[in-house]
Amino acid sequence: MSQTVKGVISRGKDQPVEITTIVIPDPGPGEAVVDISTCGVCHTDLHYVQGGIGDDYPYLLGHEATGIVSAVGDGVTEVAVGDKVILNWRAVCGECRACRKGEPKYCFNTHNATQKMTLEDGTELSPALGIGAFAEKTLVAAGQCTKVEGVSDDQDAAVGLLGCGIMAGIGAAINTGEVKRGESVAVIGCGGVGTAAIAGAKLAGATTIIAVDIDPRKLEKALELGATHTVNSKETDAVEAVQALTGGFGADVVIDAVGRPETYKQAFYARDLAGRVVLVGVPTPEMTLELPLLDVFGRGGSLKSSWYGDCLPSHDFQMLVDQYRLGRLDLDAFVTETIGLDEIDAAFEKMHSGEVLRSVVVL
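Okay, so the sequence shown: first residue is 1 according to UniProt numbering, each after it adds one.
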């Protein structure tokens, strides 16, 4: 029997978000209903509101979430009713060419729930990243539920951020950039994802971690989460500053957490010979990049893009939860404030102005 709950939707481009009643169907085969506990306000949700991802309105927003599984459909073996889960948007299929060659973290056929959540009048909703967690309950594919253990209820707000932005940043450093003990890392852009990349570099054992941004507040927070040096690129040439802090050579790994042509060029030239560049900031469709091909060849190394931190949720989420519990990863520091469903528009404004790392909705 379907259920009605409150959820936050976007009806059209640049319109204020709206709390309304949504209908959650009973889970079908391979699906699960999750009672949402917390959900972070991620920049991706704002992209949906601004029309930067598509125009399949209305969108049910929210995706960085923790919750409790309240019902499962036929054939579900990944989770059971009562399990605490972090929701993910990479439910691997196990059958695509990436999965078949043993690289499920690159699954090319991730899946979502088959059924649609709707408004009371039957209008189908498009859940953000296939999740839609600014709601009291949501319907997802069971594979989007990653069971975690050892998490108390008062830790949900912090742990739920692993569902998207924090995982993307940490994974960009550890998984994509393959940061090693003793290496130098520079991170360009110190919002939520970039600051998470700094925390990931620290966790991996980097000894020189350089935070680059134009906002002094963000640079101060980066120092709290593991940066050893900061560069205000509004006042100082970022490439020259990174080179000066690394013996004149450049960093072993440079992570672009902004995703603009100018920041990518900074990352490209701020790395050492044979160094690695990682792009985790998301460009917009009209952006183009021009680099001298001889420089691409002559500098060697690798240029990588990081998708969701190249993570495998079934492995990485619990591993990072354990690092959090051991005091090696300060997820609490990413939670700037907790809010209600009626404060999401205000949270978007604070995020846009750089006032917060993360606002987290607590249901």
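Cβ atoms here follow ideal geometry from the backbone N, Cα and C, with glycine treated the same way.
With H, G and I counted as helix, E and B as strand and the rest as coil, what does DSSP make of residue i?
i, result
"Q243", "helix"
"K350", "helix"
"N232", "strand"
"G205", "coil"
"D14", "coil"
"I36", "strand"
"R181", "coil"
"I255", "strand"
"P261", "helix"
"S314", "helix"
"G7", "strand"
"T66", "strand"
"E31", "strand"
"A80", "coil"
"K116", "coil"
"T110", "coil"
"P127", "strand"
"L320", "helix"
"A222", "helix"
"D213", "strand"
"E337", "strand"
"I53", "coil"
"R271", "strand"
"K101", "coil"
"R276", "strand"
"A186", "strand"
"V148", "coil"
"A227", "coil"
"L161", "helix"
"V356", "coil"
"A199", "helix"
"T44", "helix"
"V361", "strand"
"T176", "helix"
"L87", "strand"
Based on Cα-Cα distance, which residue from the options lies nearest to residue i?
i, options, result
"V212", "A197, L203, G205, A204", "A197"
"G298", "D272, E124, V5", "D272"
"V363", "D316, A227, R328, T66", "It should be pointed out that residue 363 corresponds to Leu in this sequence rather than to Val. It is T66."
"K6", "G163, I36, Y106", "I36"
"G162", "R217, C96, K218, L331", "Residue identity check: residue 162 is Leu in the sequence provided, not Gly. Residue L331 is the option with its Cα nearest to L162."
"R11", "A157, A32, L125, M167", "L125"
"L219", "N232, V185, T208, S2", "N232"
"L279", "L320, M287, S306", "S306"
"G82", "V258, E149, G102", "E149"
"D14", "V360, L303, E349", "E349"
"N109", "G247, G130, R260", "G130"
"C145", "T176, I68, N175, G191", "I68"
"M167", "I344, K180, Q3, S314", "S314"
"A199", "T207, A227, G62", "A227"
"C107", "D121, E120, G143", "G143"
"V76", "K234, A173, A201, E31", "E31"
"Q318", "D215, G169, V239, V151", "V151"
"P285", "V296, R217, P261, D295", "P261"
"D310", "E78, P29, N88", "N88"
Less than 8 Å between C-beta atoms, sequence neighbours within five positions excluded: which residues of the same chain meet that for residue i?
i, result
"P104", "V92, G94, A98, L312"
"K265", "L289, L291"
"G51", "K13, D14"
"Y57", "S10, R11, G12, K13, S126"
For the putative contact between residue i and residue j, defined by C-beta atoms under 8 Å, what is the C-beta separation to the nearest angstrom?
i, j, result
"A274", "G301", "4 Å"
"G160", "G40", "6 Å"
"V23", "M117", "6 Å"
"A141", "A158", "With 8 Å as the limit, A141 and A158 do not qualify as a contact, their Cβ atoms being about 25 Å apart."
"G132", "L60", "3 Å"
"G341", "F134", "Here residue 341 is Leu; the residue named in the question, Gly, does not match the sequence. L341 to F134, Cβ: 6 Å. Contact."
Compare the C-beta of residue i against all C-beta atoms of chain D and say whether one is closer than 8 Å.
i, result
"L326", "The structure shown contains no chain D; it holds only a single protein chain."
Given residue i, which residues of its chain have a CB within under 6 Å of its CB, disregarding the five upstream and five downstream residues?
i, result
"A267", "I188, V254, D256, V277"
"H47", "I53"
"E337", "S359"
"R181", "G205"
"S184", "T208, T246, A251, D252"
"T21", "T4, E120"
"G171", "G309, D310, C311"
Suppose the cutoff is 7 Å on Cβ atoms and the five residues either side in sequence are ignored; what does the same chain contact list for residue i look like?
i, result
"V33", "I24, P27, S70, A71, K137, L139"
"E224", "A333"
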